[in-house]
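Asker: A single structure is presented below for examination.
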Amino acid sequence: MADSESGAKLLQVRTRVSKCKLQISSRSNKGNRNRAIRRRRRKLKYIERSRKSTNKGSQSLRNTLAAAFNITDMTETVDLTHDRSLKPPQEVADWQYNHQLAYWKSRAISLEYENRMLHAHIKKMCTQEIKDYVEFVNEGNECAPGDETQTSSSPEYGIVEESNRTCDKTEFLDNKVDKKVLYGELESKINAMETAMKVNYNLQLDRHKPQLWPNIPLNL
Numbered sequence: 001m002a003d004s005e006s007g008a009k010l011l012q013v014r015t016r017v018s019k020c021k022l023q024i025s026s027r028s029n030k031g032n033r034n035r036a037i038r039r040r041r042r043k044l045k046y047i048e049r050s051r052k053s054t055n056k057g058s059q060s061l062r063n064t065l066a067a068a069f070n071i072t073d074m075t076e077t078v079d080l081t082h083d084r085s086l087k088p089p090q091e092v093a094d095w096q097y098n099h100q101l102a103y104w105k106s107r108a109i110s111l112e113y114e115n116r117m118l119h120a121h122i123k124k125m126c127t128q129e130i131k132d133y134v135e136f137v138n139e140g141n142e143c144a145p146g147d148e149t150q151t152s153s154s155p156e157y158g159i160v161e162e163s164n165r166t167c168d169k170t171e172f173l174d175n176k177v178d179k180k181v182l183y184g185e186l187e188s189k190i191n192a193m194e195t196a197m198k199v200n201y202n203l204q205l206d207r208h209k210p211q212l213w214p215n216i217p218l219n220l
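Counting along the sequence shown from 1, when you hit position 73 you're at 73 in this note's numbering, and nothing is skipped either side.
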């Protein structure tokens, strides 16, 4: 009897111990799950707060840019460095200032190059007109007998004129050959287009009489 009672008591004790272990393990698992859930919730809240702050900053920047720039018409830009009513971010103002500075520098360089090209073209046209006039006068002097001066009848003058004419003919033929090689079968059409452009350019000059850009060196 004593052995059976002791065995029953031992069984009850073991049963209670196992129940306690199960309760402790279930509580610990439940605590771990709760901690994981709370950690996940805190992480989601942090992500949501950071996203809202980022969207708020980008939205303010978009509103500032939309007020400063006109997307449909970009021919004119607002000077953000002097207009205090807009109050743009400093990065945007610095960017626009550097952009305007680079734009006007490139514009000035291009105009200076265009000025040099125009001066060279005018000089070439004037030289060609003078040369044509000299050739016309020389041909008239050659056709009129007895009117030759001593200078024009000298052999040195004749040699120089002959060499100049030979150089002009050689240059003309070289240009014609170069254009033939460059343009091929369209050489005559392109020559006609170039002549039309030159004539139109001269007509525009005579009609509007534009002022030349001042020849001022740029210290960039």
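Glycine is no exception: its CB is placed at the ideal position from the N, C-alpha and C atoms.
The structure presented is a predicted model; accordingly, all values stated were derived computationally and were not measured.
1. What is the residue span of the alpha helix (DSSP H) that residue 205 lies within?
2. With DSSP collapsed to three states, give me the class of residue 32.
3. How would you label residue 147, buried or exposed, when you count the other beta carbons within 10 angstroms and need 16 or more for buried?
4. DSSP three-state call for residue 212: helix, strand or coil?
5. Could you check whether residue 187 and residue 179 sit closer than 8 Å to each other, using their CB atoms as the reference points?
6. Could you compute how far the alpha carbon of residue 107 sits from the alpha carbon of residue 136?
7. In whole angstroms, give me the CA-to-CA distance for residue 32 and residue 38.
8. Keeping to the same chain, check which residues put their C-beta closer than 7 Å to that of residue 195; ignore five residues upstream and five downstream.
9. Measuring straight from C-alpha to C-alpha, what distance separates residue 94 and residue 211?
Answerer: Result, derived from the coordinates:
1. Its alpha helix (DSSP H) spans residues 187-208.
2. helix
3. With a pLDDT of 47 at residue 147, under the threshold of 50, the predicted position of this residue should be treated as unreliable, though the coordinate-derived value follows. That one is exposed.
4. It is coil, neither helix nor strand.
5. yes
6. 43 Å
7. Spanning the two alpha carbons is a distance of roughly 10 Å.
8. none
9. Within the model, the alpha-carbon separation for residue 94 versus residue 211 is close to 35 Å.
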